[in-house]
Amino acid sequence: MKDLIPFLRLSLPRLPWFLGGLLLAVLTVVAATGLLALSGWFITASALAGAGLIIALDVYRPAGGIRALAVGRTVARYAERIVNHEAVLRHLADLRSWLFRALSPLDPGTLARFRAADLLQRLVGDIDTLDGLFLRVITPTLTAVLTLLGGALFFGLLAPLTVLWVVAVLALAGLILPAIAVALGGRSGEARIQAAAQVRERTVEGVQGLAELRVFGALPRQRAALAAAERDRAEAEIRLVRWGALGDTAAMLAGLGAVWLALWLGVGWLSQDLVTAPIVVLLVLATLGLSEAVAMLPGAYQRLGQIRTAAARLLEVAHTRPSLPEPAHPQRPDGEGSLTLEGIRLRYGNDAPWILDGVDLNLQPGRSVLVTGASGAGKTSLTAVALRLVAPQAGEARVCGIPVQSMGYTDLYDTVGVLGQETVLFADTVAANLRLARPEADEEALREALFLAGLDDFIAALPQGLDTAVGEGGALVSGGQARRLALARLILKDAPVVILDEPFRGLDPATIERLRQRLTPWLSRRATLVIAHEPAMAPPCTAHYRLQEGRLQEMASS
Ligand SMILES: Nc1ncnc2c1ncn2[C@@H]1O[C@H](COP(=O)(O)OP(=O)(O)OP(=O)(O)O)[C@@H](O)[C@H]1O
3 MKDLIPFLRL
13 SLPRLPWFLG
23 GLLLAVLTVV
33 AATGLLALSG
43 WFITASALAG
53 AGLIIALDVY
63 RPAGGIRALA
73 VGRTVARYAE
83 RIVNHEAVLR
93 HLADLRSWLF
103 RALSPLDPGT
113 LARFRAADLL
123 QRLVGDIDTL
133 DGLFLRVITP
143 TLTAVLTLLG
153 GALFFGLLAP
163 LTVLWVVAVL
173 ALAGLILPAI
183 AVALGGRSGE
193 ARIQAAAQVR
203 ERTVEGVQGL
213 AELRVFGALP
223 RQRAALAAAE
233 RDRAEAEIRL
243 VRWGALGDTA
253 AMLAGLGAVW
263 LALWLGVGWL
273 SQDLVTAPIV
283 VLLVLATLGL
293 SEAVAMLPGA
303 YQRLGQIRTA
313 AARLLEVAHT
323 RPSLPEPAHP
333 QRPDGEGSLT
343 LEGIRLRYGN
353 DAPWILDGVD
363 LNLQPGRSVL
373 VTGASGAGKT
383 SLTAVALRLV
393 APQAGEARVC
403 GIPVQSMGYT
413 DLYDTVGVLG
423 QETVLFADTV
433 AANLRLARPE
443 ADEEALREAL
453 FLAGLDDFIA
463 ALPQGLDTAV
473 GEGGALVSGG
483 QARRLALARL
493 ILKDAPVVIL
503 DEPFRGLDPA
513 TIERLRQRLT
523 PWLSRRATLV
533 IAHEPAMAPP
543 CTAHYRLQEG
553 RLQEMASS
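Under my numbering, the sequence shown has 74 at position 72, and the numbering climbs by one with no breaks.
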């Protein structure tokens, strides 16, 4: 149950909404019960008055009460639905931004522990499951407790105290049945959540890799795996529904038991002249109304298993810490941008070979260094050290003279601009994708950046120009254009230190030559590290090193 406590704490900002919803839920049950009881009392009293057994009967007040309760019940039910759903939807939105905030500082290595589709399931499906915590568990439980207490008070005032046995039967059913429901539904609920995650993973991967699956004839296997995951989910769901139906039946039987008890007690008191016949009918029907509050509980608690599993899955993400957390007292960079690496030694695992084995590098404003090397030589790992995405076993990376581990991520990424191997374009316009780097950039700044990235002609030829949509991941532009859009975005950022990892990958020689010329003046004002397989695939640099066996060998410098 302790997995649910953080979510109760997170719901506190929405407490007024939840309390309002609870109040309305109680009002709904009270109005429904009151309507049933008062109608029964009124019909019985009227019948007795008709038979001459009651001499004077005020018909106006009970009739008015019945009308008020009938209208009140409908209005309260409607308002309860609106308020409770508003409360839960706001709370779920809070949870999504809470989880996203927990995810955002995670470095790629830590994030890679979760599969993308699984994260999506946690952000969407698991958070949605938590709506049951308030709508189905907490609010109905408190409603049942409050209405039973109210019922006990009301019964106690009207009839001998032995009537409390009736409430006790309902309260006992409200305790025992949910406990049984939790025990029976727990495993199925957990299985349902795991199976739903499987279904989402298979579906997302299947859609993402559709072309590959089709080309390699693997679609039938993917379909079979998806069908198996769907079967598991359906089986878990059916088990849950079965237990739910059983719980509902048990709750109904307990309610009927309480009604029979009320009738039995009432008839006994009637024969002793302790109560009148209309009051007996009122007690019996009020018991029937109160049993409704208990009837909701088994079904709700039988879903608690999946709510708990979803909560645990969310906490797993929320408790994940980046392997290189933010420093407690970050140092702010000032002065000119520079990047230095000193004695860097890096390997991925204790027994793994050294990828970087004593790397020194010094980048000052106006100095650009090209690092070439074979595939797998460790070039990208070098940039990862500079960006504090991995921690080297020895040595230190400094930006503006400050060790990168002492800098906050925001300051680090404000100072060091990166064009990584993989860049992401959002399903938005060219302008919006560029303004990600500088939201306040005017059109002239956007066009200047596009010119430096060699995209001016391309954009000028588009009917919608800067407002052209690029599609998800840049699907509506070519690979080379997408890469240059990412380059233009980096240029717009105007960071004093720049890392370009294979900036000209996928470009033709003529475009490369144009970019080399345009980028040279821009790069000359900053400290630049360029990674490429060969010098022809990089802008002109002041020094050229080759990364081999974990060390940098100087090839040329000017
Ligand atoms: N997160 C990681 N965990 C384990 N090994 C890794 C990780 N990242 C890189 N490696 C390994 O480190 C070595 C260097 O990888 P890196 O990506 O730095 O090479 P690269 O020179 O950039 O290669 P390429 O030119 O092909 O991009 C490779 O053998 C790679 O498998």
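Virtual Cβ for every residue (Gly too), placed ideally from N, Cα, C. The structure presented is a predicted model; accordingly, all values stated were derived computationally and were not measured.
Check your understanding: For the putative contact between G554 and L363, defined by C-beta atoms under 8 Å, what is the C-beta separation to the nearest angstrom?
Key -> Looking up residue 554 in the sequence shown gives position 552. Looking up residue 363 in the sequence shown gives position 361. Note that residue 554 is Leu in the sequence shown, not Gly. With a Cβ gap of about 7 Å, L554 and L363 count as contacting.
Review point. Under 7 Å from any heavy atom of ligand 1, does the C-beta of Q395 make it?
Key: On the sequence shown, residue 395 is found 393 positions in, with the first residue counted as 1. Outside the cutoff, so no.
Practice item. State the start and end residues of the unbroken beta strand (DSSP E) segment that holds G360. Key: Residue 360 sits at position 358 when you count from the first residue of the sequence shown. Looking at the DSSP string, the run of the beta strand (DSSP E) that includes G360 is L358 to L365.
**Study point:** 8 Å Cβ cutoff met for A399 and I346
**Key:** Here residue 399 refers to the residue found at position 397 of the sequence shown. Here residue 346 refers to the residue found at position 344 of the sequence shown. Contact annotation: A399 and I346 have beta-carbon atoms nearer than 8 Å.
Practice item. Please determine if the region 186–198 and the region 237–245 are in contact, where contact requires at least 3 C-beta pairs separated by less than 8 Å. Key: yes
Practice item. Identify every residue that forms a DSSP beta bridge with P405. Key: Along the sequence shown, read from residue 1 onward, the residue named residue 405 stands at position 403. P405 pairs with R400.
Check your understanding: With 16 other CB atoms within 10 Å as the buried threshold, where does W245 fall?
Key -> As a working mapping, residue 245 is identified with position 243 in the sequence shown. Its Cβ being crowded by 16 or more others within 10 Å, W245 is buried.
**Study point:** Simplified DSSP state of Q466, which is helix, strand or coil
**Key:** The residue you call residue 466 lines up with position 464 of the sequence shown. Of the three classes helix, strand and coil, the one that applies to Q466 here is coil, per DSSP.
Review point. Using a threshold of 7 Å, is the CB atom of I178 nearer than that to any non-hydrogen atom of ligand 1?
Key: On the sequence shown, position 176 is the one that residue 178 refers to. Answer for I178: no, Cβ out of range of ligand 1.
Practice item. Measure the Cβ-Cβ separation of A451 and L436 and say whether it is below 8 Å. Key: Translated into positions along the sequence shown, residue 451 becomes position 449. Translated into positions along the sequence shown, residue 436 becomes position 434. For A451 and L436, yes; Cβs fall inside 8 Å.
Check your understanding: For Q423, is the beta carbon positioned less than 7 Å from some heavy atom of ligand 1?
Key -> Looking up residue 423 in the sequence shown gives position 421. Yes; taking the cut-off as 7 Å, the Cβ of Q423 has a heavy atom of ligand 1 nearer than that.
Exercise for review: Look up E344 in the DSSP assignment and give the residues it is bridged to.
Suggested key: As a working note, residue 344 is residue 342 in the sequence shown. In DSSP, E344 forms a bridge with E398.
Point to revise | Inter-residue Cα distance where the pair is Q407 and T342 | key: Counting from one through the sequence shown, the residue named residue 407 turns up at place 405. Counting from one through the sequence shown, the residue named residue 342 turns up at place 340. The straight-line gap from Cα to Cα measures roughly 13 Å.
Review point. Which residues are close to ligand 1, meaning CB closer than 5 Å to any heavy atom, in chain order?
Key: Y350, I357, S377, G378, A379, G380, K381, T382 and S383
Check your understanding: Hey, would you say G456 sits closer than 8 Å to R507, going by beta carbons?
Key -> As a first step, residue 456 is located in the sequence shown; it is residue number 454 there, counting from the start. As a first step, residue 507 is located in the sequence shown; it is residue number 505 there, counting from the start. No.
**Study point:** Supposed contact pair I129 and L101 - C-beta distance, whole angstroms, cut 8 Å
**Key:** Mapped onto the sequence shown, residue 101 falls at position 99. Mapped onto the sequence shown, residue 129 falls at position 127. Indeed they touch by this definition, with Cβ atoms about 7 Å apart.
Review point. In terms of residues, what are the limits of the alpha helix (DSSP H) holding I84?
Key: Locating residue 84 in the sequence shown gives position 82, where the first residue counts as 1. Where I84 is concerned, the enclosing alpha helix (DSSP H) stretches over Y62 to L105.
Practice item. Confirm, please, whether the CB-CB distance from L421 to L492 is below 8 Å. Key: Residue numbering aside, residue 492 sits at position 490 when the sequence shown is read from its first letter. Residue numbering aside, residue 421 sits at position 419 when the sequence shown is read from its first letter. Yes, the pair counts as a contact, with Cβ atoms nearer than the cut-off.
Exercise for review: Return yes when the Cβ of L348 is within less than 8 Å of the Cβ of I357, no when it is not.
Suggested key: Residue mapping note: residue 357 aligns to position 355 of the sequence shown, counting from 1. Residue mapping note: residue 348 aligns to position 346 of the sequence shown, counting from 1. Contact flag set, yes.
Check your understanding: In chain order, which alpha helix (DSSP H) runs of at least 4 residues are fully inside the region 481–516?
Key -> 481–495
Check your understanding: What span of residues does the alpha helix (DSSP H) with T251 cover, start to end?
Key -> Residue mapping note: residue 251 aligns to position 249 of the sequence shown, counting from 1. Secondary structure note for T251: its alpha helix (DSSP H) is the uninterrupted segment L221 to S273.
Review point. CB A312 to CB L17, shorter than 8 Å?
Key: Position 310 of the sequence shown, counting from 1, holds the residue named residue 312. Position 15 of the sequence shown, counting from 1, holds the residue named residue 17. Not a contact, by the Cβ cut-off of 8 Å.
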